[in-house]
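Beneath this line is the structure, given in structure tokens, with notes to follow.
2 protein chains.
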Amino acid sequence: MLAIAERINGMFSNVKKAIIKRDPVPIQDLARRQAEAGASFIDLNVGTAVADQVEAMRWLVEVTQEATKTPLSIDSQKLEVVKAGLEAAKTPALINSCKGQPEDLEIYVPLALKYNASLICLTMDKRGIPQDIDGRVEIAANIVSAAVEHGLEPSRLFIDPVLFPINVDQKQPGYMLEVFRQIRYISDPPPHINVGLSNLSQGTKERSLVNRTFLTMAIAAGLDSAVMDVLDKDLMYAAICAEMLMNKQIYSDSFLKVVRS
Amino acid sequence: MLAIAERINGMFSNVKKAIIKRDPVPIQDLARRQAEAGASFIDLNVGTAVADQVEAMRWLVEVTQEATKTPLSIDSQKLEVVKAGLEAAKTPALINSCKGQPEDLEIYVPLALKYNASLICLTMDKRGIPQDIDGRVEIAANIVSAAVEHGLEPSRLFIDPVLFPINVDQKQPGYMLEVFRQIRYISDPPPHINVGLSNLSQGTKERSLVNRTFLTMAIAAGLDSAVMDVLDKDLMYAAICAEMLMNKQIYSDSFLKVVRS
Numbered sequence: 036m037l038a039i040a041e042r043i044n045g046m047f048s049n050v051k052k053a054i055i056k057r058d059p060v061p062i063q064d065l066a067r068r069q070a071e072a073g074a075s076f077i078d079l080n081v082g083t084a085v086a087d088q089v090e091a092m093r094w095l096v097e098v099t100q101e102a103t104k105t106p107l108s109i110d111s112q113k114l115e116v117v118k119a120g121l122e123a124a125k126t127p128a129l130i131n132s133c134k135g136q137p138e139d140l141e142i143y144v145p146l147a148l149k150y151n152a153s154l155i156c157l158t159m160d161k162r163g164i165p166q167d168i169d170g171r172v173e174i175a176a177n178i179v180s181a182a183v184e185h186g187l188e189p190s191r192l193f194i195d196p197v198l199f200p201i202n203v204d205q206k207q208p209g210y211m212l213e214v215f216r217q218i219r220y221i222s223d224p225p226p227h228i229n230v231g232l233s234n235l236s237q238g239t240k241e242r243s244l245v246n247r248t249f250l251t252m253a254i255a256a257g258l259d260s261a262v263m264d265v266l267d268k269d270l271m272y273a274a275i276c277a278e279m280l281m282n283k284q285i286y287s288d289s290f291l292k293v294v295r296s
Numbered sequence: 036m037l038a039i040a041e042r043i044n045g046m047f048s049n050v051k052k053a054i055i056k057r058d059p060v061p062i063q064d065l066a067r068r069q070a071e072a073g074a075s076f077i078d079l080n081v082g083t084a085v086a087d088q089v090e091a092m093r094w095l096v097e098v099t100q101e102a103t104k105t106p107l108s109i110d111s112q113k114l115e116v117v118k119a120g121l122e123a124a125k126t127p128a129l130i131n132s133c134k135g136q137p138e139d140l141e142i143y144v145p146l147a148l149k150y151n152a153s154l155i156c157l158t159m160d161k162r163g164i165p166q167d168i169d170g171r172v173e174i175a176a177n178i179v180s181a182a183v184e185h186g187l188e189p190s191r192l193f194i195d196p197v198l199f200p201i202n203v204d205q206k207q208p209g210y211m212l213e214v215f216r217q218i219r220y221i222s223d224p225p226p227h228i229n230v231g232l233s234n235l236s237q238g239t240k241e242r243s244l245v246n247r248t249f250l251t252m253a254i255a256a257g258l259d260s261a262v263m264d265v266l267d268k269d270l271m272y273a274a275i276c277a278e279m280l281m282n283k284q285i286y287s288d289s290f291l292k293v294v295r296s
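Chains A and B, in that order, are what the protein sequence lines are. Last residue of the first sequence: number 296 in this note's numbering, and the count goes up by one each step with no gaps. Last residue of the second sequence: number 296 in this note's numbering, and the count goes up by one each step with no gaps.
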């Protein structure tokens, strides 16, 4: 699966401080450690507390690229911040994220094409995020249609059905597994299926256990990408083991040592 | 889910020794610890190295019952050993196991009814265990039919599709998840779905990780029973968490402390 490393995010105080002081050391340390842990993309989010987010994103991309060749995920709700990140990225990046409504797709899909980027699209529109299975799958199908129309291959499209915290609605994880199963059949080849995993355990006391348990269940249902804490070793081991059990990584006695690509 | 505690088995040398010497201490210690760990049934298997298996099973049932009130699972391939165990058991037990072929079902289903017991039936017949999904589901359907015909309720029937070691055939775990999903639709209410979990990791170096990863994926696919190592805390936590995520146990901050029934 594709592990999008979540830790370089301005909502963490050490990252926020580093961004404000333009201190590359903590950022580059996190970038290197996450790359070594097996990140497929390093997510960069300047947070909301920084004054000039466009300039901050540009700086973040530059210092991260000095530390690692791992592709970047440009994470912002602001179009101009995303553009600045894509502009500064030397290798094809991932856009995290756009909403699944036509007016947003009209902007972000061409943007992804222009920068040879991949794109995470959330199953949400003007009315918000559907709470049920059908509503999410319907928006997912609309996203895939819009992407195909513009010529964005499914391999560069990541559908994210938006995972809620378990303490908000306990029916949601089961619904999500069914959503994953159904999204796989929207197109052939299917788009990637992504979640922001840590959302699930927001405010709970067993975060790592909740995250890794759901991740393995989700991989069995077709999930193949997650924004997640790649520095959580138990989480990464669970993911590798789940993929091995689904016959997506070859079993050997040392299957945990497989180099992640 | 129902956790059938596997540790009182003559294949373990300390248990074998205790059975031969008729020393109740190690047995009763294991019985208590497994009951405290949340076992729904305590499996009793005298192993194959003991001389008088019938007498050994009777003794095993008696000493275990002195230590715990947790129901017992009488585990033997020999009919007379199973009968001795059922005879000695004070509370309704589980028979582990019979094959899914008509001539065996004709004996074991009435036996379960006679002793008010539950029954694990393996999806295997004279030709062996089908390696594919359809073959297993077909035998499962035959088992359910035979049980219903005799008047054994689905709640007392455990279908076991027989889990192979991962290092034997890596396609099997994925097949098994599909088998679980399909067995759920054979009857309404469905039978229990069981596996001998530790089989999966036989001969591997990451037994606990492999076991708990598969168990969570299996719970998401409908598995609700396993013969397993209830003394493996990580495994039990994973099972509890998976059930909570599937909305089968209520979430609270201390969901791991939920008393298992």
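We put the CB at the ideal spot given by N, CA and C, even for glycine.
{"Item": "Give the secondary structure of G257 (chain B) by DSSP, where H, G and I count as helix, E and B as strand, and everything else as coil.", "Value": "coil"}
{"Item": "State the start and end residues of the unbroken beta strand (DSSP E) segment that holds E188 (chain B).", "Value": "Segment: none, E188 (chain B) is in no beta strand (DSSP E) and carries neither H nor E."}
{"Item": "Looking only at its chain, what residues have a beta carbon closer than 6 Å to the beta carbon of V116 (chain A), apart from the 5 residues adjacent to it on each side?", "Value": "Q88, V89, M92"}
{"Item": "Can at least three beta-carbon pairs, one atom from the segment 273-287 of chain A and one from the segment 41-55 of chain B, be found at a separation below 8 Å?", "Value": "no"}
{"Item": "Could you name the residues of chain B that G73 (chain A) contacts, counting a contact when the two beta carbons are closer than 7 Å?", "Value": "Neighbours of G73 (chain A) on chain B: none; closest Cβ ~16 Å, over 7 Å."}
{"Item": "Listing by chain order, which chain B residues have their CB less than 7 Å from the CB of Y286 (chain A)?", "Value": "I201, N202, Q205"}
{"Item": "Which of the three DSSP states is assigned to I155 (chain B) in this structure?", "Value": "strand"}
{"Item": "In terms of DSSP beta bridges, what is S222 (chain A) paired with?", "Value": "BP columns for S222 (chain A) are empty, so no partner."}
{"Item": "Can you confirm whether S300 (chain B), when its beta carbon is compared against all beta carbons of chain A, has any partner nearer than 9 Å?", "Value": "For residue 300 (chain B) there is no data in the structure shown, the boundaries of chain B being 36 and 296."}
{"Item": "Per DSSP, which one or two residues make a beta bridge with C276 (chain A)?", "Value": "Answer by DSSP bridge pairing: none, since C276 (chain A) is not bridged."}
{"Item": "Can you tell me which of the three DSSP states I285 (chain B) falls into?", "Value": "coil"}
{"Item": "From L291 (chain A) to S132 (chain A), what distance separates their C-alpha atoms?", "Value": "31 Å"}
{"Item": "With a threshold of 6 Å on Cβ separation, who are the neighbours of A74 (chain A) within its own chain once the five nearest residues in sequence on each side are excluded?", "Value": "A38, A40, T105, V265"}
{"Item": "With H227 (chain A) and L187 (chain A) assumed to form a contact (beta carbons below 8 Å), what rounded beta-carbon distance in angstroms separates them?", "Value": "Contact doesn't hold; Cβ gap of about 12 Å is too wide."}
{"Item": "Would P196 (chain B) be called buried (16 or more neighbouring beta carbons within 10 Å of its own) or exposed?", "Value": "buried"}
{"Item": "What does DSSP give as the partner residues of F290 (chain A) in its beta bridges?", "Value": "For F290 (chain A), which the question treats as bridged, DSSP gives no partner whatsoever."}
{"Item": "Threshold first: 3 residues or longer. Then list the beta strand (DSSP E) segments lying entirely within the segment 109-167 of chain B, N to C.", "Value": "129-134, 153-157"}
{"Item": "Does any heavy atom of the ligand NAD sit closer than 8 Å to the C-beta of E115 (chain B)?", "Value": "As far as ligands go, the structure on display features none, and thus does not contain the ligand NAD."}
{"Item": "Report all residues from its chain with a CB closer than 6 Å to the CB of I168 (chain B); omit the five preceding and five following residues, and keep chain order.", "Value": "Y210, E213, V214"}
{"Item": "Quick one: using the 10 Å Cβ neighbour count with 16 as the cut-off for buried, is R42 (chain A) buried or exposed?", "Value": "buried"}
{"Item": "Here's the rule I'm using: 16 or more other beta-carbon atoms within 10 Å means buried, otherwise exposed. How should Y150 (chain A) be labelled?", "Value": "buried"}
{"Item": "Among the residues of its own chain, which have a CB less than 7 Å from the CB of Q100 (chain A), if the five just before and after it don't count?", "Value": "K125"}
{"Item": "Would you list the residues sitting across from D370 (chain B) in a DSSP beta bridge?", "Value": "This structure gives no information on residue 370 (chain B), because the portion of chain B shown stretches from 36 to 296."}
{"Item": "Report the rounded CA-to-CA distance for V98 (chain B) versus S233 (chain B), giving the unit in angstroms.", "Value": "25 Å"}
{"Item": "Can you list the residues of chain A that L244 (chain B) reaches, using a CB-CB cut of under 7 Å?", "Value": "Y272, C276"}
{"Item": "Considering I55 (chain B), what are the terminal residues of the alpha helix (DSSP H) in which it resides?", "Value": "48-56"}
{"Item": "Pick out whichever of A:Q112, A:R247, A:L114, A:S153 has its Cα sitting closest to the Cα of F76 (chain A).", "Value": "A:S153"}
{"Item": "Can you find a CB in chain A that lies within less than 9 Å of the CB of G257 (chain B)?", "Value": "no"}
{"Item": "Check the DSSP bridge columns for A40 (chain A) and list the partner residues they point to.", "Value": "A:I77, A:M263"}
{"Item": "At a Cβ threshold of 9 Å, is M279 (chain B) touching chain A?", "Value": "yes"}
{"Item": "Count the other C-beta atoms from every protein chain shown that fall within 10 angstroms of the C-beta of Q112 (chain B), then say buried if there are 16 or more, exposed otherwise.", "Value": "exposed"}
{"Item": "Where does I228 (chain B) fall in DSSP's three states?", "Value": "strand"}
{"Item": "Whose C-beta lies closer than 7 Å to the C-beta of K52 (chain A) among residues of the same chain, with five residues either side of it excluded?", "Value": "none"}
{"Item": "Rounded C-beta distance between A277 (chain A) and M252 (chain B)? I'm assuming under 8 Å.", "Value": "6 Å"}
{"Item": "In terms of residues, what are the limits of the alpha helix (DSSP H) holding T239 (chain B)?", "Value": "Premise fails: T239 (chain B) is in no alpha helix (DSSP H) and is neither H nor E."}
{"Item": "Taking the straight line between their C-alpha atoms, what separation do you get for D110 (chain A) and L79 (chain A)?", "Value": "6 Å"}
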